[in-house]
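So the structure is just underneath, and the comments pick up after that.
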Amino acid sequence: MRHQLRICFLLLILTCRAIAAVEFDLEPKIPPGYQPVDANTEKGIWAELHDYEREIQNSALLVTDREINQYVRNAACRVAGDYCSDLRIYIIRNPYFNASMTANGVMQVWTGLLVRVSSEDELAAILGHELAHYTQLHTLERMRSLKNSMSTGAVFDLGLALLTGVSVPVGQFAAVLNVLAYSREQEQEADLLGIKFMAAAGYDPSATIRVWKAVIEEEENAAVKNRAPGIFSKTHPGADERVEILESFVPQQYTNLTPDPQGRQKHVDMLNRYYMMLMEDQIDTNRHGRTEAMLRNHQAIGVDSNLINFFWGEMYRQRNLEGDLDKARKSYKLATRGDKPVAEAYRNLGYIHLKERSLPEAKHYFRKFLEVQPDADDRAMIEFYLQEKQP
Amino acid sequence: MNKVLFSIILSLSTVACMPAYVAVAPGNINYDGLIIKTDQAWNLAPTISTPSARKGSKVWTQDGILLDRIMIIPAVADGESLFTTTSKDQALPAFKADMLPNEIEELTESSLVKLFKEGEVVVQTSNLRPHRFGEHNGLLFDMNVAVSDGPNYRGITGALVVDKKLYLIFFLGAEPYYYRKHIDEALVIIKGARV
Chain G
6 MRHQLRICFL LLILTCRAIA AVEFDLEPKI PPGYQPVDAN TEKGIWAELH DYEREIQNSA
66 LLVTDREINQ YVRNAACRVA GDYCSDLRIY IIRNPYFNAS MTANGVMQVW TGLLVRVSSE
126 DELAAILGHE LAHYTQLHTL ERMRSLKNSM STGAVFDLGL ALLTGVSVPV GQFAAVLNVL
186 AYSREQEQEA DLLGIKFMAA AGYDPSATIR VWKAVIEEEE NAAVKNRAPG IFSKTHPGAD
246 ERVEILESFV PQQYTNLTPD PQGRQKHVDM LNRYYMMLME DQIDTNRHGR TEAMLRNHQA
306 IGVDSNLINF FWGEMYRQRN LEGDLDKARK SYKLATRGDK PVAEAYRNLG YIHLKERSLP
366 EAKHYFRKFL EVQPDADDRA MIEFYLQEKQ P
Chain C
-10 MNKVLFSIIL SLSTVACMPA YVAVAPGNIN YDGLIIKTDQ AWNLAPTIST PSARKGSKVW
50 TQDGILLDRI MIIPAVADGE SLFTTTSKDQ ALPAFKADML PNEIEELTES SLVKLFKEGE
110 VVVQTSNLRP HRFGEHNGLL FDMNVAVSDG PNYRGITGAL VVDKKLYLIF FLGAEPYYYR
170 KHIDEALVII KGARV
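For the record, the sequence lines run as chains G and C.
Residues 6 to 396 in the numbering used here are what the first sequence spells out, letter by letter.
Residues -10 to 184 in the numbering used here are what the second sequence spells out, letter by letter.
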């Protein structure tokens, strides 16, 4: 037994040393302004990706609002330095936690990621990781692996599915599994080089650890664990494994680790501005445990309490377990405090009273709703209830 | 010559195996107590083309279900979902007999997100308003469905609850052409539904 423990201890030390060595040795494989050189595979992939990028540009799920794009782009460019002009960043409206990178510099950031990270430092951790995939030519390596194990026609779609987190055709799963082990190594390389990028840009490298701890907390809160492709999938190391590795070397390599308060405030400002859109999409997923974890985090980082309370109300009302309606009522009331009440909280308080057959109270809140939001698109429905004599 | 003959036989045998769309003639049709009146002929989609449709649901189309569809979902009992799924991950929301109009709107929105594939669609509803379906109060609302790799859809839903059962019909048409082409007839069908 003692002998086995000694071997484990030695292996642990060797692993840590190996990680530290990898971190110091890692350098980008390509220079800024890189263009494809391999005529057989690489140029073909770039051409295909060009068409894919056009599809993204025309996608109905592309978030085009200037301020949110500028926020993400500024962080990406700070991390990327001289590689900034190589990147094209697209924010995609998708409530799940993911980002992806292609060989030609197309970076996709899902809105579900923006609502889960707590600061610009944490956003930079993910962006640095994606940038590392680009500078290490990981896409090309993976495409080549796939090409060797599959017919050429299927390679591109499948490769994209792997890289972007979109579902993989069932019939081709065996071939995909063959390259997954390799991609886990690439993920670890991207983690380590990503940290190097973000640290060089002046971001707090320990933010990477916080990102994965938040991922673990959300998973623990989830009633249905995530089995979908994406950052949680088997193509990526588990969050537990990541935290363990990162905690073993980030504090050793980087001293004076302090989160940037301005970076947190910038992120909170962005969340406050887009919170209704971001959290409505999350509520639509009907995954209440995950929503709870996110709301607790948003409370901790200082997102507008009225907005948070409104979505606590939404979560309780839609979950509708015993006692939830009372909790929803309390949350909605909290969401109407101060000089910036959430108008929809009044409306939903009205609906709760209507459900409880207390029509005068329902009408009181419906009137408040229309006062605050006279141009509400559901005004006709509210006026119908205001004219009701009995619920 | 042999190749041509082989191709024809293969094509015919493939067509013979394909499930057929069935014509729906103009007139009154009763689906599980939900009476629909249509002034024009529609095509009833085979169940294999609509695997998420619950038992008793019907899907009508003019130009193909990817371009336009009217989905008729009659008699959803308390605790049942608008669609079916074999995936445990999907967490389909269930209808509750005491749901108010805003909750039926949310139920539809959330169910459509699951139907189209979570994470690859944004469903937005608006203009919730009352509507009288014969002798019963009900509701109407508009919908926009943005799909990651398909067209934008626009549509309308009509719903009413009678004897604790939900009766719901929605129309979705690809923007702009197919929505405009069929919205008038869809409105006649949805607004004219009776239980």
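Positions of the beta carbon are idealized from the N, C-alpha and C atoms, including for glycine.
Counting only beta-carbon atoms, is G147 of chain C nearer than 7 Å to chain B? The structure shown contains no chain B; its protein chains are G and C.
Reduced DSSP category for T114 of chain C - H, G, I as helix; E, B as strand; rest coil: Three-state DSSP puts T114 of chain C in a strand.
Pick from G:Q258, G:R362, G:I306: whose alpha carbon is nearest that of L89 of chain C? Nearest C-alpha to L89 of chain C: G:R362.
Between which two residues does the beta strand (DSSP E) carrying T50 of chain C extend? Unbroken beta strand (DSSP E) run through T50 of chain C: 47 to 50.
Give every residue of the same chain whose Cβ lies closer than 6 Å to the Cβ of D131 of chain C, excluding the five residues on either side of it in the sequence, and list them in chain order. The beta carbon of D131 of chain C sits closer than 6 Å to those of S115, N116, I145, all from its chain and outside the five residues before and after it, given in chain order.
Cβ of N116 of chain C less than 7 Å from any chain G Cβ? Cβ-Cβ to chain G under 7 Å: yes for N116 of chain C.
Relative to the alpha-carbon of N17 of chain C, which residue among C:A148, C:I25, C:I172 has its alpha-carbon at the smallest distance? The residue with the shortest Cα to Cα distance from N17 of chain C is C:I25.
If you reduce the DSSP assignment to three classes, tell me which class Q267 of chain G lands in. DSSP places Q267 of chain G in helix when its eight states are reduced to three.
Quick one: which chain C residues come within Cβ less than 7 Å of F389 of chain G? P119, listed in chain order.
Is N63 of chain G close to chain C? Criterion is C-beta to C-beta, closer than 7 Å. Interface residue (Cβ-Cβ distance to chain C less than 7 Å): N63 of chain G is not classified as such.
Would you say the segment 146 to 155 of chain C touches the segment 63 to 79 of chain G, given that touching needs at least three Cβ pairs under 8 Å? The segment 146 to 155 of chain C, when compared against the segment 63 to 79 of chain G, does not touch it at the 8 Å Cβ threshold.
Identify whether K26 of chain C lies in helix, strand or coil by the three-state DSSP scheme. Here K26 of chain C sits in strand by DSSP.
Whole angstroms is fine: what's the gap from M281 of chain G's alpha carbon to P264 of chain G's? Approximately 27 Å, taken between the alpha carbons.
Excluding the 5 residues preceding and the 5 following I313 of chain G in the sequence, name in chain order all residues of the same chain whose CB lies nearer than 7 Å to its CB. Within the same chain, I313 of chain G has close Cβ partners L300, H303, Q304.
Proximal residues of chain C, C-beta to C-beta of L359 of chain G below 8 Å: What L359 of chain G touches in chain C: L89.
Tell me the DSSP secondary structure of Q113 of chain G in three-state form. Residue state, collapsed to three classes: strand.
Assuming S104 of chain G and W115 of chain G make a contact with CB atoms under 8 Å, what is their CB distance in whole Å? Checking the displayed sequence, the identity of residue 104 of chain G turns out to be Ala instead of Ser. Contact flag correct, Cβ pair sits at about 7 Å.
Under a three-way DSSP split, which group does P33 of chain G fall into? Coil, per DSSP.
Please classify P210 of chain G as buried or exposed, where buried requires at least 16 neighbouring CB atoms within 10 angstroms. With 16 or more Cβ atoms within 10 Å of its Cβ, P210 of chain G is classed as buried.
Find the nearest neighbour of Q2 of chain G within the set G:G110, G:D196, G:I61, G:D56, judged by alpha-carbon distance. Lying before the first or after the last residue shown, residue 2 of chain G is absent from chain G, which here runs from 6 to 396.
Does DSSP put E28 of chain G in a helix, in a strand, or in coil? Only weak support exists for where E28 of chain G lies, its pLDDT of 49 falling under 50; the coordinates are left without a value.
Quick one: is R98 of chain G near chain C, going by C-beta distance under 7 Å? Output row for R98 of chain G: interface = yes.
Is the CB-CB distance between E125 of chain G and H358 of chain G below 7 Å? No.
CB-CB length for A80 of chain C against R121 of chain G, believed under 8 Å: The C-beta separation of A80 of chain C from R121 of chain G comes to about 19 Å, leaving the pair out of contact by the 8 Å criterion.
Do you know offhand how far A85 of chain G's Cα is from T97 of chain C's? Take the alpha-carbon of A85 of chain G and the one of T97 of chain C: they are about 43 Å apart.
So, are the CB atoms of L142 of chain G and A81 of chain G less than 7 Å apart? No; because the gap between Cβ atoms is not below 7 Å, this pair is not in contact.
Straight-line CA distance for E319 of chain G to T296 of chain G? About 10 Å.
For the segment 42 to 50 of chain G against the segment 214 to 228 of chain G, do three or more pairs of beta-carbon atoms, one drawn from each stretch, fall closer than 8 Å, so that the two count as touching? Using a C-beta cut-off of 8 Å, the segment 42 to 50 of chain G makes no contact with the segment 214 to 228 of chain G, since fewer than three inter-stretch Cβ pairs fall below that distance.
As a quick exercise: from C:V112, C:V102, C:W49, pick the residue whose alpha carbon is nearest that of I178 of chain C. If we check each option's Cα against that of I178 of chain C, C:W49 comes out closest.
Since E98 of chain C meets chain G, which of its residues come closer than 8 Å, beta carbon to beta carbon? Ordered by position in chain G, the residues that pass the 8 Å Cβ test against E98 of chain C are D289.
Quick one: list the residues of chain G neighbouring S137 of chain C, beta-carbon separation under 7 Å, in chain order. The answer, in chain order, is S64, L66.
State buried or exposed for P3 of chain G, treating a residue as buried only when at least 16 other CB atoms are found within 10 Å of its CB. Because chain G is modelled from 6 through 396, residue 3 of chain G falls outside the range shown and cannot be assessed.
Can F72 of chain C and S100 of chain C be called in contact, C-beta distance under 7 Å? F72 of chain C places its beta carbon less than 7 Å from that of S100 of chain C.
Got a sec? Which residues, its chain only, sit under 7 Å from G343 of chain G by beta carbon, not counting five neighbours each side? Closer than 7 Å at the Cβ level, and outside the excluded window around G343 of chain G, lie N311.
DSSP has I18 of chain C in a bridge; who is on the other side? Paired residues: C:I25.
With DSSP as the reference, identify every bridge partner of Y156 of chain C, one or two as the case may be. Y156 of chain C pairs with C:L149.
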